[in-house]
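Asker: Quick one: the structure is below, questions incoming.
Protein chains in written order, with the numbering used here: chain A, 2 to 113; chain B, 490 to 603.
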């Protein structure tokens with residue numbers, strides 16, 4: 002039982018480069034989320050999706066984009082990477098029956 | 490105000506002691522309060538949760554105490570064990586049902602010394 006899978010686990014980017022963080026879940030959850038975690042700041046919501054084809058902004062969406070073409074996949078794209086985007090990124094999906102979030106193991110991104 | 494304030498930032502407890510982590514909120518629209526536990530290198534995982542119609546919920550050694558009038562809730566870990574060493578996040582659900590979004594506290598790093 003894979004749950005929520007994120008790739009890559011680690012990545013170093015140069016300023017101005019772009020990349021996509023991949024997220025896939027096998028629990029058939031409609032709701033999916035992207036958070037970033039910074040020391041002492043908790044988890045901040047970047048974008049979320051309530052189902053295929055529907056996405057919306059969270060608390061800190063600037064510099065990011067998402068798409069949701071299937072129920073399983075919810076990739077996060079960083080355009081023109083900046084040092085402020087150095088963080089650990091977590092993807093999560095929600096069990097609509099219980100409200101519980103299931104998180105991936107995270108993607109650690111460093112922008113130099 | 491959509492913030493959840495969590496304290497302390499870090500906590501060291503001896504094995505067998507009680508660990509207490511506190512959270513406070515302002516928005517009375519929050520109506521679901523989970524706690525998530527995160528081990529190093531892993532994603533957070535749901536530990537225990539409470540709704541505001543009860544004042545306490547206990548699951549094994551973990552208890553949530555909820556004070557609606559004070560807009561505060563806390564996690565108590567009884568008989569703390571080294572295996573409890575992790576980062577703990579409180580959270581609050583803003584909005585109703587499935588469309589609600591979780592707002593997380595800043596996190597508390599707990600170290601339980603053997």
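Every residue gets a Cβ at the ideal spot worked out from N, C-alpha and C, and that includes glycine.
Of all the options A:92, A:37, A:85 and A:43, which has the alpha carbon lying nearest to the alpha carbon of residue 75 of chain A?
Answerer: It is A:92 whose Cα lies nearest to the Cα of residue 75 of chain A.
Asker: When Cβ atoms are compared, which residues of the stretch 38-55 of chain A fall closer than 9 Å to chain B?
Answerer: Within the stretch 38-55 of chain A, the qualifying residues are 38, 40, 41, 42, 43, 44, 45, 46, 49 and 51.
Asker: What residues in the stretch 86-103 of chain A bring their beta carbon closer than 9 Å to a beta carbon of chain B?
Answerer: Within the stretch 86-103 of chain A, the residues whose Cβ lies closer than 9 Å to some Cβ of chain B are 91, 92, 93, 95, 97, 99, 100, 101, 102 and 103, listed in chain order.
Asker: Quick one: grab the DSSP three-state call for residue 588 of chain B.
Answerer: Residue 588 of chain B: helix per DSSP, three-state reduction.
Asker: Between residue 533 of chain B and residue 568 of chain B, what straight-line distance do the alpha-carbon atoms span, to the nearest angstrom?
Answerer: Roughly 22 Å separates the two Cα atoms.
Asker: Going along chain B in order, which residues have a C-beta closer than 9 Å to the C-beta of residue 106 of chain A?
Answerer: In chain order: 530, 531 and 532.
Asker: With DSSP run on the structure shown, which of helix, strand or coil describes residue 26 of chain A?
Answerer: In the structure shown, residue 26 of chain A sits in a strand (DSSP, three-state: E or B).
Asker: Quick one: what's got a C-beta closer than 6 Å to residue 66 of chain A's C-beta in the same chain, skipping five residues either side?
Answerer: These residues qualify, in order along the chain: 78.
Asker: Spell out a yes or no on whether the stretch 39-47 of chain A and the stretch 21-28 of chain A are touching, meaning 3 or more CB-CB pairs, one atom from each, closer than 8 Å.
Answerer: Flag = no, the stretch 39-47 of chain A and the stretch 21-28 of chain A do not touch.
Asker: Could you tell me if residue 517 of chain B is buried or exposed, where buried requires 16 or more neighbouring beta carbons within 10 angstroms of its beta carbon?
Answerer: Counting Cβ neighbours within 10 Å, residue 517 of chain B comes out exposed, since fewer than 16 surround it.
Asker: Where does residue 85 of chain A fall in DSSP's three states?
Answerer: The answer is helix: DSSP assigns residue 85 of chain A an H, G or I state.
Asker: So with CB distances below 7 Å, who are the chain A contacts of residue 536 of chain B?
Answerer: Neighbours of residue 536 of chain B on chain A: none; closest Cβ ~11 Å, over 7 Å.
Asker: Using a Cβ-Cβ cutoff of 9 Å, what residues of the stretch 582-601 of chain B are near chain A? List them in chain order.
Answerer: From the stretch 582-601 of chain B, only 582, 586, 587, 588, 589, 590, 591, 592, 593, 594, 595 and 596 have a Cβ closer than 9 Å to chain A.
Asker: Tell me whether residue 523 of chain B sits in a helix, a strand or coil according to DSSP, three-state version.
Answerer: Three-state result, residue 523 of chain B: strand.
Asker: Would DSSP call residue 52 of chain A helix, strand or coil?
Answerer: Three-state result, residue 52 of chain A: strand.
Asker: Please list, in chain order, the chain B residues whose beta carbon lies closer than 7 Å to that of residue 17 of chain A.
Answerer: Chain B residues near residue 17 of chain A: none, gap ~29 Å exceeds 7 Å.
Asker: Residue 578 of chain B touches chain A at which residues, Cβ-Cβ below 8 Å?
Answerer: Within chain A, the residues near residue 578 of chain B are 43 and 44.
Asker: For residue 526 of chain B, is the classification buried or exposed, using 16 other Cβ atoms within 10 angstroms of its Cβ as the cut-off for buried?
Answerer: Residue 526 of chain B should be labelled buried.
Asker: My output table needs one value for residue 96 of chain A: the three-state DSSP class, helix, strand or coil.
Answerer: In this structure, residue 96 of chain A counts as coil in the three-state DSSP scheme.
Asker: Counting only the same chain and skipping the five closest in sequence on each side, list residues whose C-beta sits under 8 Å from that of residue 97 of chain A.
Answerer: Once the five neighbours on either side are set aside, the close Cβ partners of residue 97 of chain A are 30, 31 and 32.
Asker: Judging by CA-CA distance, which residue of B:528, B:492, B:602 and B:538 is the nearest neighbour of residue 563 of chain B?
Answerer: Answer by Cα proximity: B:538.
Asker: In the DSSP assignment, the beta strand (DSSP E) including residue 602 of chain B goes from what residue to what residue?
Answerer: Element bounds for residue 602 of chain B: 597-602.
Asker: Residue 498 of chain B touches chain D at which residues, Cβ-Cβ below 9 Å?
Answerer: Absence of chain D from the displayed structure is noted, the protein chains being A and B.
Asker: Across which residues does DSSP place residue 511 of chain B in a beta bridge pair?
Answerer: Answer is B:496 and B:563, bridged to residue 511 of chain B.
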